[in-house]
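In numbering that gives the first Met the number 0, the protein residues as written are 0 to 477. Every residue gets a Cβ at the ideal spot worked out from N, C-alpha and C, and that includes glycine. Below you'll find the structure, written out as structure tokens, and then a few comments.
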Amino acid sequence: MSPRGPLALVRGRIAIKLTLTLVGFVALTMLLGFALDRALGSFAHESLQARLLTTRQVILVTGVAAMAVAFAIGVFVARRVTRPVVEMQAIARRMSEGDFAVHAPVRSPDEIGSLGRALNAMAGRLRDKIRDLEQEQAKATAILDGMVEGVIAVDGHNQIALMNERARAMFALGQAPAAGKPFLEVIRNADLHEVLRQTRTGDGVTHRELRLSTPVERRLQVNAVRLALGRDEVGVVMVLHDVTELRRLEQVRTEFIANVSHEVRTPLTAILGYLETLLSGALEEPEHARKFLEIVFRHTERLGRLLSDLTDLSNIELGKVVLRLQPTSLPEIIESVLTIIGPKAEAGEVALGSEVPTDLPRVRADHDRLAQILINLVDNAVKYTPPGGRVTVRASQDGVHAVAVAVADTGVGIPRVDLPRVTERFYRVDKARSRELGGTGLGLAIVKHLVLAHGGELAIESEFGRGTTVSFTLPLAP
Numbered sequence: 000m001s002p003r004g005p006l007a008l009v010r011g012r013i014a015i016k017l018t019l020t021l022v023g024f025v026a027l028t029m030l031l032g033f034a035l036d037r038a039l040g041s042f043a044h045e046s047l048q049a050r051l052l053t054t055r056q057v058i059l060v061t062g063v064a065a066m067a068v069a070f071a072i073g074v075f076v077a078r079r080v081t082r083p084v085v086e087m088q089a090i091a092r093r094m095s096e097g098d099f100a101v102h103a104p105v106r107s108p109d110e111i112g113s114l115g116r117a118l119n120a121m122a123g124r125l126r127d128k129i130r131d132l133e134q135e136q137a138k139a140t141a142i143l144d145g146m147v148e149g150v151i152a153v154d155g156h157n158q159i160a161l162m163n164e165r166a167r168a169m170f171a172l173g174q175a176p177a178a179g180k181p182f183l184e185v186i187r188n189a190d191l192h193e194v195l196r197q198t199r200t201g202d203g204v205t206h207r208e209l210r211l212s213t214p215v216e217r218r219l220q221v222n223a224v225r226l227a228l229g230r231d232e233v234g235v236v237m238v239l240h241d242v243t244e245l246r247r248l249e250q251v252r253t254e255f256i257a258n259v260s261h262e263v264r265t266p267l268t269a270i271l272g273y274l275e276t277l278l279s280g281a282l283e284e285p286e287h288a289r290k291f292l293e294i295v296f297r298h299t300e301r302l303g304r305l306l307s308d309l310t311d312l313s314n315i316e317l318g319k320v321v322l323r324l325q326p327t328s329l330p331e332i333i334e335s336v337l338t339i340i341g342p343k344a345e346a347g348e349v350a351l352g353s354e355v356p357t358d359l360p361r362v363r364a365d366h367d368r369l370a371q372i373l374i375n376l377v378d379n380a381v382k383y384t385p386p387g388g389r390v391t392v393r394a395s396q397d398g399v400h401a402v403a404v405a406v407a408d409t410g411v412g413i414p415r416v417d418l419p420r421v422t423e424r425f426y427r428v429d430k431a432r433s434r435e436l437g438g439t440g441l442g443l444a445i446v447k448h449l450v451l452a453h454g455g456e457l458a459i460e461s462e463f464g465r466g467t468t469v470s471f472t473l474p475l476a477p
């Protein structure tokens, strides 16, 4: 029953009571007048004519006055009684509009008081239910927004019913409201719409891996299931897993295995071929035998370097390398590295120098690993710098907490398209030249991981045909 039903019933009862009271009062006045008239009728007509007229006038005036008083009392009582009823009606209207904080008056123990108590109890229960529902909705929203997967719910009219923050980020929707909008208007992807259609017409769970080209290149794994919303309405819930990084790592792993196989097979094939030649009779020819053995030795040496670099890189990535961090003099290490690489630079007619301040503060580093970083960088610079070029090692304080080290050369440089990948394992800009110079393709990968392990950052700048600068930072010693 609506709130107006009981209020109208109470007001009707009050009106009936007031009407009966007024009618009874008038009837009583008329009855008294009639009785008085009969009583006076027994007296002589002549002698009592004047008195009777006067008495009737008094009775009439008294009746009119009584009716006026009764009417005034009725109006007062009606207003006093109907005011709570009007208040109840206003309170019920506010409750129907969703305001359950109002409180109905319960000043009397009659029907109006009972109605007020009933309204207050109903408002309290509704208030508790709404608070519980809001809490549950807040929990569900927090859970959905905290998921790493995107979640999209679509109703039976192909309108979005729900979309969490991760799904918004996948499609770069920002904070624009999506609920209630057509799915096709919000997400313009034909493959995803096909998944929606198949799921609604099918019975089980739909699995599909999709490629998104906008707003960025992504690979999404979609799991969709039907959502029963009513007797004749069927929606769909889709869970989107971003597997872009997983697929990239799988590709890197595949390339790594292929590269390792190729890098190992190349020297082994050469070693096997020359050994077969020697066993076939070349040992009897000293000139050729020595030459072949030198080639076998170089390939064996390269294979050893490859395995050593692979072991170092694996240990660094797995965290098995323990750095002995201590205050270290950077100028001393740079000087020792230049001494080691000096003969190779002289043989290639490459000038080797350094620009390091004598008062450079000590850095917090592992002495041997820092030397390994610099040897790799300077050796690479010398390899790819043609005769007449120059390699320079620079160091300077970078702010109050770090030292910046840079190895610059005037070599062949690196094309811009290859710069983001030069620190990947086995990635070579010029594969033939790299193998010819004895490189394993792991030097920069090892350098990057060692710099990161020291708490520094690695940066590479290059201009093709002009040279390359590889710089990194190291924290100052406390």
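Segment limits, beta strand (DSSP E) that includes residue i
i, result
"H287", "Run containing H287: none in the beta strand (DSSP E); it sits in the alpha helix (DSSP H), 285-316."
"L324", "Taken as a continuous stretch (DSSP letters only), L324 belongs to no beta strand (DSSP E), as it is neither H nor E."
"D408", "401-408"
"F182", "F182 -> not in any beta strand (DSSP E); alpha helix (DSSP H) instead, spanning 182-185."
"L228", "Run containing L228: none; DSSP gives neither H nor E here."
"I129", "That residue, I129, is in no beta strand (DSSP E); its alpha helix (DSSP H) goes 110-145."
"L351", "350-354"
"I159", "159-162"
Cβ shell of residue i (< 8 Å), same chain only, five flanking positions each side left out
i, result
"F255", "R424, F425"
"L228", "D154, G155, G234"
"A370", "I332, S335, V336"
"I340", "L351, I374, V377, D378, V381"
Nearest candidate by alpha-carbon position, reference residue i, set the options
i, options, result
"Q325", "A476, L161, V236, E86", "A476"
"L309", "A444, L282, D190", "A444"
"T205", "V215, M237, V381", "M237"
"R207", "E193, T213, E216", "E193"
"G466", "A405, E249, G455, A89", "A405"
"E262", "N379, G303, T468, V355", "G303"
"I142", "N163, V251, R82", "N163"
"A152", "R126, G115, L191, S313", "L191"
"R196", "M66, R218, A171, N157", "N157"
"R264", "K290, L306, R225", "L306"
"R420", "A407, E293, G442", "G442"
"A139", "K128, D231, R126, L161", "L161"
"R126", "T276, F99, V416, G115", "F99"
"P266", "R230, E300, E284, F170", "E300"
"T409", "A452, G455, E460", "E460"
"L418", "V469, R368, R393", "V469"
"V454", "V185, R167, D365", "Reading off the sequence shown, one finds Gly at residue 454, where the question assumed Val. Of V185, R167, D365, the residue nearest in Cα terms is D365."
Cutoff 6 Å; reference residue i; Cβ partners in own chain excluding five residues on either side
i, result
"I372", "V446, L449"
"H240", "E148, Q220"
"R363", "L324, P474, A476"
"L457", "K447, V450, F471"
"E462", "G412"
"V101", "I90, R93"
"H287", "A281"
"V105", "G112, G115, R116"
"K414", "Note that residue 414 is Pro in the sequence shown, not Lys. Within the same chain, P414 has close Cβ partners F463."
N-terminal and C-terminal residue of the alpha helix (DSSP H) that residue i is part of
i, result
"L211", "Counting along the chain, L211 falls outside any alpha helix (DSSP H), though it belongs to the beta strand (DSSP E) covering 205-211."
"S279", "Taken as a continuous stretch (DSSP letters only), S279 belongs to no alpha helix (DSSP H), as it is neither H nor E."
"D378", "366-382"
"R196", "189-200"
"V153", "Taken as a continuous stretch (DSSP letters only), V153 belongs to no alpha helix (DSSP H), being part of the beta strand (DSSP E) at 149-153."
"A178", "First-last for A178: undefined, no H or E at that position."
"I445", "442-452"
DSSP beta-bridge partners of residue i
i, result
"H240", "Q220"
"G97", "In DSSP, G97 forms no bridge with anything."
"F170", "DSSP output for F170 lists no bridge partner at all."
"V60", "V60 is not bridged to any residue."
"D397", "A401"
"A458", "S470"
"R363", "P326"
"T391", "G352, A407"
"V233", "A227"
"L475", "V362"
Own chain partners of residue i with C-beta closer than 7 Å, once the 5 adjacent residues on each side are dropped
i, result
"R480", "Given that the chain is displayed from residue 0 to residue 477, the structure contains no residue 480 and the question cannot be resolved."
"S328", "R361"
"F291", "Y273, T276, L277, A281"
"L248", "none"
Problem set entry | Three-pair Cβ contact test at 8 Å for the stretch 463-477 versus the stretch 389-403 | Three or more beta-carbon pairs drawn from the stretch 463-477 and the stretch 389-403 are found closer than 8 Å, and the two stretches are therefore classed as touching.
For this session: Count the C-beta pairs between the stretch 267-279 and the stretch 175-184 that are closer than 8 Å, then say yes if the count reaches three, no if not.
Result: Judged by Cβ distances under 8 Å, the stretch 267-279 makes no contact with the stretch 175-184, as fewer than three pairs qualify.
Exercise. Are three or more beta carbon pairs between the stretch 133-153 and the stretch 113-122 nearer than 8 Å?
Worked result: These segments do not touch.
For this session: Count the CB pairs spanning the stretch 332-350 and the stretch 375-391 that are closer than 8 Å, and state whether there are at least three.
Result: Two segments are said to touch when three or more pairs of C-beta atoms, one from each, lie closer than 8 Å; by this definition the stretch 332-350 touches the stretch 375-391.
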